[in-house]
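Undergrad: Quick mapping for you: the protein sequence lines, in order, are chains Y and H. FYI, the numbering for the first sequence is 1461 to 1652, going by the working numbering. FYI, the numbering for the second sequence is 5 to 254, going by the working numbering. Quick reminder that beta carbons are idealized off the backbone N, C-alpha and C, glycines included. Fair warning: this is a prediction, and the values are worked out from it, not measured in the lab.
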Amino acid sequence: MSVAIIDYGAGNIQSIRFALERLGVSATLSSDPETIQSASHVIFPGVGEASSAMTKLKSTQLHTLIPELTQPVLGICLGMQLMCNSSEEGNTTGLGVFDTEVVRFSTTRNVPHMGWNEVKGSGVLFEKIPNHSHFYLVHSYYAIPNINTVGHCLYDINFAAAMAKKNFYGTQFHPEKSGAMGAQLLQNFLSL
Amino acid sequence: MLTKRIIPCLDIKDGRTVKGVNFINLRDAGDPVELAQRYTEEGADELVFLDISASEEKRKTLANLIRDIAQAIDIPFTVGGGINAMDDVGILLDNGADKVSINSAAVRRPALISDVANRFGTQCVVVAIDAKQISAEWIVHLVGGKVPTERKLFTWAQEAVDRGAGELLFTSMDHDGTKQGFANTALRQLSETVTVPVIASGGAGTMQHFIDTFVEGYADAALAASVFHFKEISIPDLKNELRLHKIPMR
Chain Y
1461 MSVAIIDYGA GNIQSIRFAL ERLGVSATLS SDPETIQSAS HVIFPGVGEA
1511 SSAMTKLKST QLHTLIPELT QPVLGICLGM QLMCNSSEEG NTTGLGVFDT
1561 EVVRFSTTRN VPHMGWNEVK GSGVLFEKIP NHSHFYLVHS YYAIPNINTV
1611 GHCLYDINFA AAMAKKNFYG TQFHPEKSGA MGAQLLQNFL SL
Chain H
5 MLTKRIIPCL DIKDGRTVKG VNFINLRDAG DPVELAQRYT EEGADELVFL
55 DISASEEKRK TLANLIRDIA QAIDIPFTVG GGINAMDDVG ILLDNGADKV
105 SINSAAVRRP ALISDVANRF GTQCVVVAID AKQISAEWIV HLVGGKVPTE
155 RKLFTWAQEA VDRGAGELLF TSMDHDGTKQ GFANTALRQL SETVTVPVIA
205 SGGAGTMQHF IDTFVEGYAD AALAASVFHF KEISIPDLKN ELRLHKIPMR
């Protein structure tokens, strides 16, 4: 197994690396297309602002590479959001993998939505994970539920907490920061 | 449902955990990595580490310690104490911290909040506010609560949020270390003023105090140190008690 974590200057990539190490997997941080293409699994992380992240991806041509990958790809948080058609955050287009839009929470409750919330998940990512398990989230924008949604979460409205389409997967929550259930989800991804 | 969070706070001095009572009289409470692992296993929702050593040399030690913690635990954690510049923030995040807590430096130079938020995202910016009630006004204090400022709690909190704070950590210095309960009246007003999560800090002594701060103080999270370090309250027992009171817990 060779896991590549896409390095495009997005924050807190170490956490994902450490989470994989706890599963006995050593991952390579890389922005090199060949390294990414030849990896058995690719993780597309990200925290921060969508439009500036897209600009960074474009500057290294990663925006064309990622949608063409054929091995299992897991987008986490902003990574997942960037895999959608567009984001309201900085009004940017996305990579167009998942057929949905990312919009800002319009709620009287706190934004960001921060903390542990229940996710009702199904499919390969959620194997051995009890329904309504809690995962850690921190985000102000969310993906509108769509045909690719495999995990639902409620914060005033129902949003896409996890998506899957062919070899592409995404979680709005941070599996690397979600305790034992998060570790199980990462393990499930690595088993694909 | 989004759950309320229980956050043990570890004050770090020279690589060890200590807890001040009213910000003085430090007592040793153990190895931070071991404590962090223990709290994670017990069901803590998040951890906060406040470095109170703050000399330049010690801060390098801190970066290594943060890395050790990030390798050991799988829940989010915040690091604060003596953060003055963007470089300080970058080092901590690069070593695996999820959020940074900025206190005095934000009051001295509020633009630091927006600088950090713009560069690293609002999700990693916790603005910590230490305040003390002086003739009916909540006055913001600096340097671990030693120096009063001209700023008032609620207006400063709103400014911090406007500048990009993703979360507020409010410590009532009148309550901190007393074990007589959190400053729930002020917390409630704070929660009603801002639209970001508010962490209640200072005053935890009993399980009832946690119930009160969620129910009466509208806190999103409650932070405590010595009651956890000295095993006066166990996190699993606390969470069970809170569930019994219909407070959503993980």
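Any beta carbon from chain Y within less than 8 Å of I79(H)'s own beta carbon?
TA: In the second sequence, the residue the question calls residue 79(H) occupies position 75. Cβ-Cβ to chain Y under 8 Å: yes for I79(H).
Undergrad: Please confirm whether S1566(Y) has its beta-carbon closer than 8 Å to some beta-carbon of chain H.
TA: Translated into positions along the first sequence, residue 1566(Y) becomes position 106. Closer than 8 Å: no.
Undergrad: Nearest to Q1647(Y) by CA position, among I1466(Y), R1482(Y) and Q1474(Y), is which residue?
TA: Locating residue 1647(Y) in the first sequence gives position 187, where the first residue counts as 1. When only C-alpha atoms are compared, the closest one is R1482(Y).
Undergrad: Do P12(H) and A229(H) count as a contact pair if the criterion is CB distance below 8 Å?
TA: For the purposes of this step, residue 229(H) is taken as residue 225 along the second sequence, with counting starting at 1. For the purposes of this step, residue 12(H) is taken as residue 8 along the second sequence, with counting starting at 1. Result yes, Cβ atoms of A229(H) and P12(H) sit closer than 8 Å.
Undergrad: Which residues of chain H have a Cβ atom closer than 8 Å to the Cβ of Q1531(Y), listed in chain order?
TA: As a working mapping, residue 1531(Y) is identified with position 71 in the first sequence. By Cβ distance, chain H contributes nothing, its closest Cβ being about 25 Å from Q1531(Y), past 8 Å.
Undergrad: Bridge partners of V129(H), per DSSP?
TA: As a first step, residue 129(H) must be located in the second sequence, where it is residue number 125. Bridge partners of V129(H): V104(H).
Undergrad: Would you say Q1474(Y) lies against chain H (beta-carbon separation less than 8 Å)?
TA: For the purposes of this step, residue 1474(Y) is taken as the residue at position 14 of the first sequence. Chain H contact via Cβ: present.
Undergrad: Quick one: grab the DSSP three-state call for L1597(Y).
TA: Here the question's residue 1597(Y) lines up with position 137 in the first sequence. It is a strand residue.
Undergrad: Would you verify that the beta carbon of R42(H) is, or is not, closer than 8 Å to some beta carbon of chain Y?
TA: Mapped onto the second sequence, residue 42(H) falls at position 38. Output row for R42(H): interface = no.
Undergrad: DSSP on H1656(Y), reduced to helix/strand/coil?
TA: No information on residue 1656(Y) is available, as it lies outside the stretch 1461 to 1652 that chain Y covers here.
Undergrad: Among the residues of its own chain, which have a CB less than 7 Å from the CB of M5(H), if the five just before and after it don't count?
TA: By one-based count along the second sequence, residue 5(H) stands at place 1. P252.
Undergrad: For E1481(Y), name the three-state secondary structure that DSSP assigns.
TA: Counting from one through the first sequence, the residue named residue 1481(Y) turns up at place 21. Correct three-state label for E1481(Y): helix.
Undergrad: Which partner residues of F1558(Y) appear in the DSSP bridge assignment?
TA: Stepping through the first sequence from its first residue, residue 1558(Y) is reached at position 98. Answer is C1544(Y), bridged to F1558(Y).
Undergrad: Hey, how far is the Cα of S1547(Y) from the Cα of H1599(Y)?
TA: The residue you call residue 1547(Y) lines up with position 87 of the first sequence. The residue you call residue 1599(Y) lines up with position 139 of the first sequence. In a straight line, the C-alpha of S1547(Y) is about 13 Å away from that of H1599(Y).
Undergrad: Can you check which of these residues, V1579(Y), E1528(Y) and P1572(Y), is closest to L1555(Y) by C-alpha distance?
TA: Working through the first sequence from its first residue, we reach residue 1555(Y) at position 95. If we check each option's Cα against that of L1555(Y), E1528(Y) comes out closest.
Undergrad: What does A74(H) reach in chain Y if we use C-beta pairs closer than 8 Å?
TA: Numbered from 1 along the second sequence, position 70 holds the residue referred to as residue 74(H). Simply Q1474, S1475 and F1478.
Undergrad: Could you tell me whether the region 192-202 of chain H touches the region 158-174 of chain H, using the rule of 3 or more Cβ pairs below 8 Å?
TA: Flag = yes, the region 192-202 of chain H and the region 158-174 of chain H touch.
Undergrad: Taking the alpha-carbon of Q1541(Y) as reference, which of T1524(Y), L1525(Y), D1559(Y) and P1532(Y) has the nearest alpha-carbon?
TA: By one-based count along the first sequence, residue 1541(Y) stands at place 81. Of the candidates T1524(Y), L1525(Y), D1559(Y) and P1532(Y), the one whose C-alpha sits nearest the C-alpha of Q1541(Y) is D1559(Y).
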